[in-house]
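S.K.:
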Amino acid sequence: MKVKVKKQNEDGIVRLESSGSLKEILINEDFLNPNDESIAICFRGKNSSGMIELAPKEFEILAKEIEKKKHLFKEFKVMKFKK
């Protein structure tokens, strides 16, 4: 997995690029505040680690776009686990 970030600061634009492997996907449910739910993709590299948090709507958009284009991948497996 590669992460590329571009950030504005007082010196100008700073670009950061890192790579790592996907470690965990967390689903944060909040029963009292359903609007505060999030999906976090956790990764860890040699010199970096982090989380990418998505709101449920953002995740749905991402999932729809991947579904449309998954035929372009050579080998693609969908893994489903029983609860």
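Under my numbering, think of the first position of the sequence shown as 2, with each following residue one higher. Heads up, the beta-carbon is just placed ideally off N, CA and C, and yes, glycines get one too.
1. Check Ala64 in the structure and name its three-state DSSP category.
2. In the structure shown, what three-state DSSP assignment does Leu33 receive?
3. Below 6 Å, is the gap between the Cβ of Gly51 and the nearest heavy atom of the ligand ATP?
4. DSSP on Glu54, reduced to helix/strand/coil?
5. Let me know if Phe44 comes out buried or exposed under the rule of 16 or more other beta-carbons within 10 Å of its beta-carbon.
6. Apart from the five residues on each side of it in sequence, which residues of its chain come closer than 6 Å, Cβ to Cβ, to Arg16?
M.R.: Walking through what the data contain:
1. By 1-based counting over the sequence shown, the position of residue 64 is 63. In this structure, Ala64 counts as helix in the three-state DSSP scheme.
2. Here residue 33 is taken as the residue at index 32 of the sequence shown, counted from 1. DSSP places Leu33 in coil when its eight states are reduced to three.
3. As for the ligand ATP, it is missing from this structure, which has no ligand bound.
4. Along the sequence shown, read from residue 1 onward, the residue named residue 54 stands at position 53. In the structure shown, Glu54 sits in a strand (DSSP, three-state: E or B).
5. To locate residue 44, count along the sequence shown from 1; it is residue 43. With at least 16 other beta carbons inside 10 angstroms of its own, Phe44 counts as buried.
6. The sequence position of residue 16 within the sequence shown is 15, counting from 1. Sequence-distant partners of Arg16 (beyond 5 residues in either direction) whose C-beta falls short of 6 Å from its own C-beta, in its chain, are Lys7.
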